[in-house]
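First to last, the protein sequences are chains A and B. All the letters of the first sequence, read from the start, carry residue numbers 213 to 611 under the working numbering. All the letters of the second sequence, read from the start, carry residue numbers 189 to 625 under the working numbering. Only one structure is covered here, and it is reproduced in the block below.
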Amino acid sequence: MPGPLDGVRVIDLSEGIAGPFATKQLADLGADVIKLERPGGDPARRLGPFPGDVPHPEKSGLFIHLNTNKRSVVVDPSTPSGREIVLRLAAKADALVESFPPGTMASWRLGWDDLAAVNPRLVLTSVTPFGATGPAAQRQATDLTIAARSSFLIAAGEPDREPVKYPGRQTEFVGGLHAAWGTMVALYHADVTGEGQVVDVSILEAAVMISDQNMLSVAYWNGGGRARAGRRPLRFPPIVMPVIDGYVSLLVTDLQWPRFCRMADLEEYGRDPQLATQRGRIERLEELEVAFLPWFLSHTKQEVFDLAQQHGVPIAPFNTIAEVLDDPQFRARGYFRTMVHPVLGEITLTGPPAILSETPWELRRPAPLLDQHADEILRGELGYRPDDLLALRAEGVTG
Amino acid sequence: MSLLTTVPGALRGIRVLDFTTAWAGPRMTAYLAEMGAEVIHVESIQYLDTHRGWSKWAWGASGNMPNNEPGRRPWERNSQYNEFNKNKLGITLNLADPEGVALFKELVKISDVVVDNYKAGTTTRFGVDYDQLKPIRPDIIQVSLPAFGSTGPYRDYTAWGNQVMALCGQGLLLNYEGEDEPEPGGTYGDPIAAITGAFVVVAALFHRRRTGQGQYIEVALSEVSPPLLPEAFAEYTMNGRQPVPRGNSNPEAVPWNVYPCAGDDAWVAICCRTDAEARRLFELMGRTDFLERYATIPARLAGRAEIDAAVAAWTAPQEKHAVADRLQAAGIPAEAAAQYAEVLADPQLHARAFFTELDHPECGVYPHPLQAVRLSKSPPIDYRAAPTYGQHNADVLGGLLGVTDAQLAALAAREVIGTEPLEDEERRRRSRSGIAG
Numbered sequence: 213m214p215g216p217l218d219g220v221r222v223i224d225l226s227e228g229i230a231g232p233f234a235t236k237q238l239a240d241l242g243a244d245v246i247k248l249e250r251p252g253g254d255p256a257r258r259l260g261p262f263p264g265d266v267p268h269p270e271k272s273g274l275f276i277h278l279n280t281n282k283r284s285v286v287v288d289p290s291t292p293s294g295r296e297i298v299l300r301l302a303a304k305a306d307a308l309v310e311s312f313p314p315g316t317m318a319s320w321r322l323g324w325d326d327l328a329a330v331n332p333r334l335v336l337t338s339v340t341p342f343g344a345t346g347p348a349a350q351r352q353a354t355d356l357t358i359a360a361r362s363s364f365l366i367a368a369g370e371p372d373r374e375p376v377k378y379p380g381r382q383t384e385f386v387g388g389l390h391a392a393w394g395t396m397v398a399l400y401h402a403d404v405t406g407e408g409q410v411v412d413v414s415i416l417e418a419a420v421m422i423s424d425q426n427m428l429s430v431a432y433w434n435g436g437g438r439a440r441a442g443r444r445p446l447r448f449p450p451i452v453m454p455v456i457d458g459y460v461s462l463l464v465t466d467l468q469w470p471r472f473c474r475m476a477d478l479e480e481y482g483r484d485p486q487l488a489t490q491r492g493r494i495e496r497l498e499e500l501e502v503a504f505l506p507w508f509l510s511h512t513k514q515e516v517f518d519l520a521q522q523h524g525v526p527i528a529p530f531n532t533i534a535e536v537l538d539d540p541q542f543r544a545r546g547y548f549r550t551m552v553h554p555v556l557g558e559i560t561l562t563g564p565p566a567i568l569s570e571t572p573w574e575l576r577r578p579a580p581l582l583d584q585h586a587d588e589i590l591r592g593e594l595g596y597r598p599d600d601l602l603a604l605r606a607e608g609v610t611g
Numbered sequence: 189m190s191l192l193t194t195v196p197g198a199l200r201g202i203r204v205l206d207f208t209t210a211w212a213g214p215r216m217t218a219y220l221a222e223m224g225a226e227v228i229h230v231e232s233i234q235y236l237d238t239h240r241g242w243s244k245w246a247w248g249a250s251g252n253m254p255n256n257e258p259g260r261r262p263w264e265r266n267s268q269y270n271e272f273n274k275n276k277l278g279i280t281l282n283l284a285d286p287e288g289v290a291l292f293k294e295l296v297k298i299s300d301v302v303v304d305n306y307k308a309g310t311t312t313r314f315g316v317d318y319d320q321l322k323p324i325r326p327d328i329i330q331v332s333l334p335a336f337g338s339t340g341p342y343r344d345y346t347a348w349g350n351q352v353m354a355l356c357g358q359g360l361l362l363n364y365e366g367e368d369e370p371e372p373g374g375t376y377g378d379p380i381a382a383i384t385g386a387f388v389v390v391a392a393l394f395h396r397r398r399t400g401q402g403q404y405i406e407v408a409l410s411e412v413s414p415p416l417l418p419e420a421f422a423e424y425t426m427n428g429r430q431p432v433p434r435g436n437s438n439p440e441a442v443p444w445n446v447y448p449c450a451g452d453d454a455w456v457a458i459c460c461r462t463d464a465e466a467r468r469l470f471e472l473m474g475r476t477d478f479l480e481r482y483a484t485i486p487a488r489l490a491g492r493a494e495i496d497a498a499v500a501a502w503t504a505p506q507e508k509h510a511v512a513d514r515l516q517a518a519g520i521p522a523e524a525a526a527q528y529a530e531v532l533a534d535p536q537l538h539a540r541a542f543f544t545e546l547d548h549p550e551c552g553v554y555p556h557p558l559q560a561v562r563l564s565k566s567p568p569i570d571y572r573a574a575p576t577y578g579q580h581n582a583d584v585l586g587g588l589l590g591v592t593d594a595q596l597a598a599l600a601a602r603e604v605i606g607t608e609p610l611e612d613e614e615r616r617r618r619s620r621s622g623i624a625g
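Laid out in structure tokens, this is it:
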């Protein structure tokens with residue numbers, strides 16, 4: 213079955229994580245994404261993990277995840293001939309996504325005016341750490357520094373130690389999701405009105421959006437104190453409990469408290485009116501910890517999970533990656549997918565973030581090898597002749 | 189049927205029936221509302237949106253009220269509810285009552301999208317699942333956001349975002365290097381489901397424009413998060429190793445960490461991506477002895493403890509923004525770790541008008557963020573504070589469906605609609621649904 217974006221063409225000049233993750237969203241829903249890589253390839257090809265820890269431009273575990281369903285052509289957009297290729301592709305495309313520092317595309321005469329001149333319906337999405345405007349637009353950034361400035365960082369860790377970041381490079385992925393969203397909305401607008409436009413995406417703002425509820429809490433009442441509660445916040449039940457084989461995660465409300473007590477075979481605590489609210493339980497915190505800990509320490513995380521869910525209490529295990537891959541729910545839903553990559557062989561990829569009944573998310577092709585589709589795109593679709601291509605290659609414009 | 193709201197925006201003309209609660213669902217439809225869709229948030233007086241309060245008067249635990257004061261109607265004063273439901277119309281309907289369901293279905297007939305994030309099976313029980321709605325509106329797009337999906341052994345399981353993150357493998361990786369007991373993070377799965385769902389529903393609307401075809405979409409909280417951590421999954425599937433928590437460090441670059449600054453809970457993040465950036469940092473620190481010794485990445489990786497200690501000693505007496513600006517002037521990525529209140533005052537965000545002010549009748553004027561994307565021709569817009577309980581009952585049920593004033597009064601008498609939640613005991617007795625996230 214075709215995806216909902218079947219027939220949509222996206223020219224992807226973006227590099228790294230945020231832009232490619234955005235175009236992956238579009239590609240996995242059916243868009244034809246042509247990835248233009250500068251000579252040497254997308255820098256994400258140099259990011260691990262790699263099999264056996266040996267770097268190889270076609271074996272990056274990160275790159276193969278970020279670039280599913282795309283085709284690759286090497287083009288240097290900073291050269292006149294490369295610019296010409298970009299413009300010829302943009303003329304027939306619905307969207308162009310890029311992630312260069314603000315002003316870079318314009319310096320190559322590939323800014324909005326240049327692109328709109330060949331295709332006024334085009335959606336031009338720019339994904340940058342701080343957005344295209346403002347006093348910080350040219351600052352340098354990494355996931356960690358954006359996490360810091362967005363307050364994403366301050367949310368976790370022990371109150372008396374340094375805050376600790378979410379794993380991986382999540383601000384960039386969050387930026388990518390927002391770029392996909394903005395691009396999609398603009399594609400919809402173009403379909404309705406025939407009007408193209410510029411979509412300016414700030415990864416910093418995307419990270420702030422993910423914590424908007426914290427901003428609003430503080431705006432309404434800045435109660436002071438540390439943003440992060442750490443492992444021992446003043447509450448019962450706590451949010452992490454040790455069990456035989458690891459830890460479980462909890463978030464039990466007052467309404468669920470009696471059920472929690474029943475689950476732990478301590479029903480009498482659930483009937484005590486003084487313990488019905490968090491405030492009352494905090495006053496007897498030590499007593500409750502002593503009473504409930506033995507039950508947890510005599511169960512495995514899977515046992516606690518199943519028992520809690522039978523009682524309608526939201527508790528879940530802290531799983532290893534191996535346990536996630538083997539989890540019965542993910543297995544039952546066929547979530548993780550395998551496909552064959554021409555260099556890596558069989559690879560495992562995360563599955564659909566959404567199930568669409570009529571136009572499914574689909575892995576049609578693995579991440580492209582560098583310049584894999586030069587011939588079919590430059591010759592087959594743009595009509596360059598073999599000797600043109602040789603000349604371009606000799607100039608270093610293409611791969 | 190004409191719209192009640194005419195706001196500019198790319199999604200102008202799209203009507204969304206928003207049967208959601210808490211975070212993921214309301215935040216998803218807020219994205220749509222900010223792009224011009226007319227979003228009708230359907231609540232009930234029998235069951236509070238958890239972000240209005242755990243119970244009618246249990247406002248204290250949330251700590252999200254203006255000046256931490258409940259006022260006369262605390263359920264109108266929760267900052268998080270008011271953020272996730274801005275720009276929406278608000279109505280009440282008791283879907284446990286046949287008249288409530290009938291009115292809901294009348295609204296479905298004139299809507300483009302229906303969204304829910306209740307536990308799997310809840311819409312079926314209320315008679316408003318996709319199989320029941322499709323016959324009355326064949327091109328409807330219905331979106332559900334259950335915690336673990338509507339199929340599989342966990343379909344009835346209940347969870348908040350942080351349980352989902354633990355189950356999905358992220359929980360064990362959010363930690364200091366070398367430590368075992370996990371650090372709890374925020375309820376992070378919800379906003380990821382929200383932005384994912386908003387994106388996918390517009391893709392489905394795009395498809396519907398071309399084909400006339402509606403569809404059912406399921407966005408499980410457990411399935412939106414793993415794609416954001418491919419490094420961890422690849423590490424295991426390629427190398428058979430459980431990834432270990434790295435704290436704030438980078439296994440491929442040094443210095444790369446969070447360092448202390450002058451003041452309470454003051455920190456700065458510094459990342460040297462290249463040898464040249466590390467050299468410039470060492471020069472700024474006056475550590476000429478490091479220049480040769482730590483010229484290469486292998487040398488810096490081996491000397492990480494000494495380097496981190498030296499950087500920390502250098503940053504400790506300095507003001508965090510001053511350090512970040514000095515390093516940025518030298519082309520090195522560095523930012524102060526912002527507290528939430530500092531984000532509200534961030535000059536970059538203000539220069540881009542990221543926050544707008546909304547005036548809420550029960551709260552007053554507060555700033556709200558205006559999305560991370562700026563569309564040059566059809567920008568997002570914050571234009572209306574969140575609705576008070578049942579604020580638009582007459583506008584929507586009367587204005588769109590033609591329900592008369594007398595009928596509205598009868599519906600109110602039967603507690604199908606209302607403008608205040610029922611007393612807690614009453615509500616608990618009548619409540620029939622469960623939360624997904």
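Every residue gets a Cβ at the ideal spot worked out from N, C-alpha and C, and that includes glycine.
By the C-beta criterion, the stretch 311-330 of chain A is judged not to be in contact with the stretch 490-505 of chain B, since fewer than 3 inter-stretch pairs fall below 8 Å. According to the DSSP assignment, G385 (chain B) belongs to the alpha helix (DSSP H) that extends over G377 to T399. If you keep only unbroken alpha helix (DSSP H) runs of at least 4 residues inside the stretch 236-309 of chain A, you get 273-278 and 292-303. W507 (chain A): not part of any beta strand (DSSP E); member of the alpha helix (DSSP H) spanning L497 to L509, first to last residue. Each residue's CA atom was taken as its position, placing E611 (chain B) and A566 (chain A) some 38 Å apart. Using a Cβ-Cβ distance cut-off of 8 Å, the stretch 401-408 of chain B and the stretch 251-259 of chain A are not in contact, since fewer than three pairs of beta carbons, one from each stretch, lie closer than that value.
Counting along the chain, the unbroken beta strand (DSSP E) around R549 (chain A) starts and ends at R549 to H553. For R438 (chain A), the closest Cβ of chain B is nearer than 8 Å.
One alpha carbon belongs to G442 (chain A), the other to Q559 (chain B), and they sit about 29 Å apart. At a cut-off of 8 Å, the C-beta of W433 (chain A) has a neighbouring C-beta in chain B.
Unbroken alpha helix (DSSP H) runs of no fewer than 4 residues, entirely contained in the stretch 393-463 of chain B, are found at 409-412 and 418-427, following chain order. Sequence-distant partners of N426 (chain A) (beyond 5 residues in either direction) whose C-beta falls short of 8 Å from its own C-beta, in its chain, are S363, A367 and A439. Identification of chain A residues near C449 (chain B) by a Cβ-Cβ cut-off of 9 Å yields none; the smallest Cβ-Cβ distance measures about 11 Å.
Chain A places a beta carbon closer than 8 Å to that of F394 (chain B), counting this residue as a contact. At a beta-carbon threshold of 7 Å, the residues of chain B lying near K377 (chain A) are N436, ordered along the chain. In this structure, the CA atom of Y318 (chain B) is about 39 Å from the CA atom of F448 (chain A). Following the DSSP letters along the chain, one finds G458 (chain A) in no alpha helix (DSSP H) but inside the beta strand (DSSP E) bounded by residues G458 to L462. Counting only Cβ-Cβ distances below 9 Å, W444 (chain B) has contacts in chain A at T354 and L356, in chain order. Interface annotation, N426 (chain A): in contact with chain B, CB-CB separation under 8 Å. Per DSSP, the beta bridge partners of A524 (chain B) are B:V456. Look at L281 (chain B) here: in three-state DSSP terms it is coil, with no helix or strand label.
Between V230 (chain B) and F207 (chain B) the beta-carbon gap is near 5 Å, inside 8 Å, which marks them as a contact. When the five nearest sequence neighbours on each side are left out, the beta carbons in the same chain lying within less than 7 Å of the beta carbon of N273 (chain B) are those of P214, A218, H229, A574 and P575, in order along the chain. In terms of Cβ geometry, G388 (chain A) and F542 (chain A) do not form a close pair [threshold 8 Å].
Judged by DSSP in its simplified three-state form, H548 (chain B) adopts strand.
Not flagged as an interface residue toward chain B: Q486 (chain A), since no C-beta distance is shorter than 8 Å. The beta-carbon of H556 (chain B) is placed less than 8 Å from the nearest beta-carbon of chain A. In this structure, N581 (chain B) sits away from T311 (chain B), with a CB-CB distance that is not shorter than 8 Å. Assignment of G366 (chain B) by DSSP, reduced to helix, strand and coil, places it in the coil class. For T337 (chain A), the pairing in a beta bridge is given by DSSP as A:V309 and A:V411. If you draw a 10 Å sphere on the C-beta of T357 (chain A), you find 16 or more other C-beta atoms in it, and that means buried. Where P540 (chain A) is concerned, the enclosing alpha helix (DSSP H) starts and stops at P540 to A544.
For T560 (chain A), the enclosing beta strand (DSSP E) covers residues G557 to L561. From the beta-carbon of T562 (chain A), the residues of chain B found nearer than 7 Å are P414, P415, P418 and F421.
Using a C-beta cut-off of 8 Å, the stretch 353-371 of chain B makes no contact with the stretch 386-400 of chain B, since fewer than three inter-stretch Cβ pairs fall below that distance.
At least one C-beta of chain A is nearer than 8 Å to the C-beta of E523 (chain B).
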